Amino acid sequence: MIITPAIKDDILNRLVNNGLSGQTITSKTFEYDYLIVQSILRQFSKRGLINSHDFSGLRYRVQVELDAHDFVNRGGFTFEEEVFRNNFTKLELELAKLEGELPKERFNNIMNLVSTISAAVSAYSSFNSGS
């Protein structure tokens with residue numbers, strides 16, 4: 001199973017909205033495999049969204065930080081991915097404006113690179129949204 005922004009948002013929303021801060025939680029709390037929950041909680045910890053020091057077992061005690069509430073209020077991981085994809089679209093549009101200012105070969109190389117990256121991001125996002 002691929003860990004999608006929607007799965008991360010689901011777990012973070014449950015932590016923030018269900019009063020799970022300070023509670024003992026397990027992967028069953030979130031109805032996902034324990035390795036998925038463990039990986040996501042580690043990422044949350046690295047990003048400062050939660051505070052927990054033990055991700056080795058099947059039970060976790062986490063403190064939900066204020067940054068987690070702010071992140072959820074701003075749209076979470078799904079919104080973050082949308083911004084990422086929209087930045088590629090904006091980059092393509094900005095580069096199109098430069099078409100007359102750059103040598104044709106250089107412009108085409110840059111556009112091909114941006115198009116390839118944009119297509120890869122879109123394919124990845126489409127694949128993940130189907131999960």
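According to full-length UniProt numbering, the sequence shown is numbered sequentially starting from 1. Here a beta-carbon is modelled for each residue, glycine too, at the ideal position from N, C-alpha and C. If you're wondering where the values come from, they're calculated on a predicted model, not measured in any experiment.
Residue i and residue j closer than 8 Å at C-beta
| i | j | result |
| --- | --- | --- |
| S45 | S39 | no |
| L12 | L35 | no |
| F77 | D33 | no |
| E101 | P5 | no |
| M111 | L91 | no |
| V16 | L41 | no |
| V121 | F88 | yes |
| S118 | V64 | no |
Coil, strand or helix - residue i by DSSP
| i | result |
| --- | --- |
| V64 | strand |
| F79 | helix |
| T26 | strand |
| I50 | strand |
| G130 | Confidence at G130 is low in this model, with a pLDDT of 44, below 50, so its placement is unreliable and the value that follows should be read with caution. The answer is coil: DSSP assigns G130 none of H, G, I, E or B. |
| E99 | coil |
| D33 | coil |
| T4 | coil |
| N17 | helix |
| R74 | coil |
DSSP beta-bridge partners of residue i
| i | result |
| --- | --- |
| I110 | Bridge partners of I110: none, in fact. |
| R59 | T26 |
**Asked** Is it true that the segment 56 to 65 meets the segment 23 to 30, where meeting means three or more beta-carbon pairs spaced less than 8 Å apart?
**Response** In this structure the segment 56 to 65 lies against the segment 23 to 30, because at least three pairs of beta carbons, one per stretch, are closer than 8 Å.
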